[in-house]
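Q: Under our numbering, think of the first position of the sequence shown as 380, with each following residue one higher.
C-beta atoms are modelled at their ideal positions from N, C-alpha and C, and glycine is treated no differently.
This structure is a prediction, so every number in the text was calculated from the model and none was measured.
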Amino acid sequence: MKKLISEVESSQVEVLDEFYELYAHYMVSWKDENLGKESATISKFVSFLFPHGSSSCQKLRKFVVPLQCSLNMLAGDTGCSIWPSSLYLSELILSFPDIFSTRKCFEVGSGVGLVGICLARVKTSSVVLSDGDPSTLANMKVNLGLNGLCCLSSATATPERTKEDLQTVECMHLPWESASESELEAFAPDIVLGADVIYDPVCLPHLVRVLSILLRPKQTHSSTHSFPGSEHVEDANHTNDVDNGSHGYKARVSECPVAYIASVIRNIDTFNHFLGIVEQSNLSICDITDELKPMNLLPYMYSYNRSSIRLFTLKFK
Ligand SMILES: C[S@@+](CC[C@H](N)C(=O)[O-])C[C@H]1O[C@@H](n2cnc3c(N)ncnc32)[C@H](O)[C@@H]1O
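1. Which value, in whole angstroms, describes the spacing of the CA atoms of residue 563 and residue 578?
2. Based on Cα-Cα distance, which residue from 389, 381 and 390 lies nearest to residue 398?
3. Leaving out five residues on either side along the sequence, give the residues of the same chain with a beta carbon under 7 Å from the beta carbon of residue 521.
4. Is any beta-carbon of chain C found at less than 7 Å from that of residue 394?
5. For residue 441, which option in 422, 470 and 421 has the closest C-alpha, if you only look at C-alpha atoms?
6. Could you say if the stretch 480-493 and the stretch 567-578 meet the contact criterion of at least three C-beta pairs nearer than 8 Å?
7. Use the C-beta contact count for residue 574: other C-beta atoms within 10 angstroms, 16 or more gives buried, fewer gives exposed.
8. Would residue 634 be called buried (16 or more neighbouring beta carbons within 10 Å of its own) or exposed?
9. Any heavy atom of ligand 1 within a distance shorter than 6 Å of the CB on residue 574?
10. Decide if the stretch 513-520 is in contact with the stretch 582-595; the criterion is three or more beta carbon pairs, one per stretch, under 8 Å apart.
11. Measuring CB to CB, does residue 653 end up less than 7 Å from residue 583?
12. Does the contact criterion of 3 or more C-beta pairs under 8 Å hold for the stretch 492-501 versus the stretch 668-682?
13. Using a Cβ-Cβ cut-off of 7 Å (strictly less than) and excluding sequence neighbours within five positions of residue 428, which residues of its own chain qualify?
14. For residue 464, which residues in the same chain have their Cβ closer than 7 Å to its Cβ, ignoring the five residues on either side in sequence?
15. Alpha carbon to alpha carbon, what distance is there between residue 674 and residue 692?
16. Smallest Cα separation from residue 475: which of 454, 503, 459 and 456?
17. Please determine whether the Cβ atom of residue 461 lies at a distance below 6 Å from any heavy atom of ligand 1.
18. Output the distance between the C-alpha atoms of residue 656 and residue 501, rounded to the nearest integer angstrom.
19. Inspect the beta-carbon positions of residue 587 and residue 686 and report whether they are closer than 7 Å.
20. Taking all protein chains shown into account, do 16 or more other C-beta atoms lie within 10 angstroms of the C-beta of residue 507, making it buried, or fewer, making it exposed?
21. Is the separation between the beta-carbon of residue 499 and that of residue 528 shorter than 7 Å?
22. Look at the Cβ atom of residue 424, then the Cβ atom of residue 443, and state whether they are nearer than 7 Å.
23. Between residue 552 and residue 638, what straight-line distance do the alpha-carbon atoms span, to the nearest angstrom?
24. Going by CA-CA distance only, name the one from 526, 403 and 383 that's closest to residue 422.
25. With distance defined between alpha-carbon atoms, name the residue in 392, 388, 497 and 449 nearest to residue 548.
26. Which residues does DSSP pair with residue 551 in a beta bridge?
27. Within 10 angstroms of its Cβ, does residue 467 collect 16 or more other Cβ (buried), or is it exposed?
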């Protein structure tokens, strides 16, 4: 309505008073309903648009993700709104599904759950989403439901999964400060993900501790295992390069898990602090932003500045 009013005004045409009144009414009632309510939520639809077909006859294939988010960016310890790095990781997953499919994926600081929804889409072996904030976790579960994914809480989770469970995503309360070593070791993920989780200097040592446990090489006694839904069988001493069509970037299928961490570097001191802690740990970090570029699947989202995001891999040294 605002846009229409300004367009009509700029073309020197008179706007009906009723139209101004209706606009004012909506503005005031919306504010009354939502102002001061920390928990006020809105529904968003993130539509990933895949170009396909020949250039003369390009049609768009869509993957639409409905999400419940908060109007307040700080709600749920920042976890109830969508941050740009989760859009970026989602584009990465949908651009290079072979990196993630048939792998055991674990996300830290999952927020609204968008990354997990994209992981479920590319048929990972399993997806575990985690967050330290209980209200974020509750909102994430709503979003999994909105996307037809069955949410398994950690209490009812079983390590063995069947093909019927492939659309199941596990959600767990996992504050980095208190997550125990044995609890983390039990997940033994192939891939760890994190979007916009490098921002609070106080939490960073705890985050790096969590990552270093999750990224430990798998025990040799579990030397072979298969991923449900795939023919893939791995040996502990065996590594394969899998070309994912990603312009030279090769994801290593090995027993050493890898973390993909996307981040907007808002404060360089905080980021350098993170690098310092990683340096002192048993992890190595590599900036792969220029090597592994996702497709632009959100071309209509002008507020999403992809160039501000860096993508890192972390591995056990
Ligand atoms: C900026 S938000 C990013 C959310 C989501 N990954 C995204 O990109 O949209 C940071 C997330 O990390 C979670 N988080 C922050 N500190 C944490 C901690 N100490 N333990 C576990 N999760 C934490 C927050 O609850 C929040 O969901």
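A: Taking the definition as stated:
1. 22 Å
2. 381
3. 447
4. In summary, chain C is missing from the structure at hand, where a single protein chain is found.
5. 470
6. yes
7. buried
8. With 16 or more Cβ atoms within 10 Å of its Cβ, residue 634 is classed as buried.
9. yes
10. no
11. yes
12. no
13. 439, 441, 676 and 678
14. Counting only Cβ-Cβ distances below 7 Å, and skipping sequence neighbours, we find 574, 575, 641, 642, 643 and 688.
15. 19 Å
16. 503
17. Residue 461: yes, Cβ under 6 Å from ligand 1.
18. 33 Å
19. no
20. buried
21. yes
22. yes
23. 20 Å
24. 526
25. Residue 548 has its Cα closest to that of 497, out of 392, 388, 497 and 449.
26. According to DSSP, which records beta bridges pairwise, residue 551 is partnered with 509.
27. buried
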